[in-house]
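Taking it in order: structure first as structure tokens, then the write-up.
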Ligand code: CTP
Ligand code: MG
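Residue numbers (the numbering used here): 15 to 280.
Listed below in structure tokens is the structure:
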């Protein structure tokens, strides 16, 4: 039996994964309950108070771009979108308007991203009866240009390793710094080949993800992504190559950037 091991990491028996992968089900969580403070911080300079996941790119809301990409992947059985309570009806109406159908459920998110994912995870497990070996992907609703091929590769990596993220290799030289009153001073140079910028989707086998979230709750740990919870739980997290296109809409100007990327495809 092949075991994939890194010091201090829990391992998943490779043969067991191969054995179960035929029956593997795939689910998706889209956290979309943020209010986009960095986007609206520039409101006098063209920002907006509409949360960024509901803004339009080429006439289609950011969230709908994400839903379409995941629905293109045949293996995806169901998608859970976490939104603010006040947005539930709007999102349900959008799902109907764009004909996104029966695979999409809208649930209530929370005040922080991790809570939004937790709420969706609880709902997903309760309604699908998701088994330990099934796969759950989590994708920021603010990354509209994710492509189905990368989603597929992430699912395959989770099936093989137990957990995986999409990561963008660093192109710049990366410096470690110490913050000072006037900015920062460099304390070290981190070899570029040891760095990737974490994107989404990120995910794991349902059993591993549930354990990682349960341990985070027990330890009152909050992370900004799923990988940080999986890492601290000791699970191996594989990296699938990402792309600059899969950037997260974050600040004013990013909608135009996404439209630029999209126009380049035509
Ligand atoms: N998110 C969420 N619930 C929250 C906060 C964030 O579901 N309470 C979602 C966002 O909607 C987004 C993803 O998590 O799809 C990534 O978060 P981020 O880019 O930080 O979005 P916001 O929190 O909305 O933006 P900001 O941090 O600028 O306020
Ligand atoms: Mg945020």
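C-beta atoms are modelled at their ideal positions from N, C-alpha and C, and glycine is treated no differently.
Pick out whichever of 43, 254 and 230 has its Cα sitting closest to the Cα of residue 246.
-> 230
From what residue to what residue does the beta strand (DSSP E) around residue 185 run?
-> Where residue 185 is concerned, there is no enclosing beta strand (DSSP E), given that its DSSP letter is neither H nor E.
Distance, Cα to Cα, residue 263 vs residue 146?
-> Taking the CA atoms as reference points, residue 263 sits about 33 Å from residue 146.
Exposure of residue 260, with buried meaning 16 or more beta-carbon neighbours within 10 Å = Here residue 260 is buried, its C-beta having at least 16 other C-beta atoms within 10 Å.
Note down the Cα distance separating residue 177 from residue 253, rounded to an integer number of angstroms.
-> 9 Å
With DSSP as the reference, label residue 242 as helix, strand or coil.
-> helix
Is it buried or exposed for residue 357, if we count other Cβ within 10 angstroms and need 16 for buried?
-> The chain is shown from 15 up to 280; residue 357 falls before or after that span and cannot be answered.
Just to check, is the beta-carbon of residue 123 closer than 7 Å to a non-hydrogen atom of ligand 2?
-> no
beta-carbon residue 126 near ligand 1 non-hydrogen atom, thresh 7 Å | yes
Which runs of the alpha helix (DSSP H) fall wholly inside the segment 210-280 and span at least 4 residues, in chain order?
-> Scanning the segment 210-280 for uninterrupted alpha helix (DSSP H) segments of 4 residues or longer gives 220-232, 240-246 and 268-279, listed from N- to C-terminal end.
Which residue from 74, 64 and 223 puts its Cα closest to that of residue 172?
-> 223
From which residue to which residue does the alpha helix (DSSP H) around residue 126 run?
-> Unbroken run through residue 126: none, as it is neither H nor E.
In three-state DSSP terms, what is residue 202?
-> strand
Verify the contact flag: residue 67, CB atom, against every heavy atom of ligand 1, threshold strictly below 7 Å.
-> Of the heavy atoms belonging to ligand 1, at least one sits nearer than 7 Å to the Cβ of residue 67.
Taking the C-alpha atoms as reference points, what is the distance between residue 268 and residue 158?
-> 11 Å
Considering residue 45, what are the terminal residues of the beta strand (DSSP E) in which it resides?
-> In the DSSP assignment, residue 45 falls within the unbroken beta strand (DSSP E) covering 40-45.
Hey, could you find the ends of the beta strand (DSSP E) residue 109 is sitting in?
-> No beta strand (DSSP E) holds residue 109; the alpha helix (DSSP H) holding it covers 102-111.
Beta bridge counterpart(s) of residue 75 as assigned by DSSP | Note: residue 75 sits in a beta bridge opposite 70.
Ligand 1 heavy atom lying under 7 Å from the CB of residue 38 = no
Flag residue 237 as yes when its Cβ comes closer than 7 Å to any non-hydrogen atom of ligand 2, and as no otherwise.
-> no
Pick helix, strand or coil for residue 208, following the three-state DSSP scheme.
-> Per DSSP, reduced to three states, the secondary structure at residue 208 is helical.
Using DSSP with H/G/I as helix, E/B as strand and the rest coil, what is residue 139?
-> helix
Selected residue, minimal CA-CA separation from residue 160, among 184, 191 and 80 | 80
What residue range is occupied by the uninterrupted beta strand (DSSP E) comprising residue 7?
-> The structure shown does not extend to residue 7, since the chain is modelled only from 15 to 280, so the question has no answer here.
With a threshold of 7 Å, establish whether the CB of residue 130 neighbours any heavy atom of ligand 1.
-> yes
Near ligand 2: residue 48 beta-carbon under 7 Å from a heavy atom = yes
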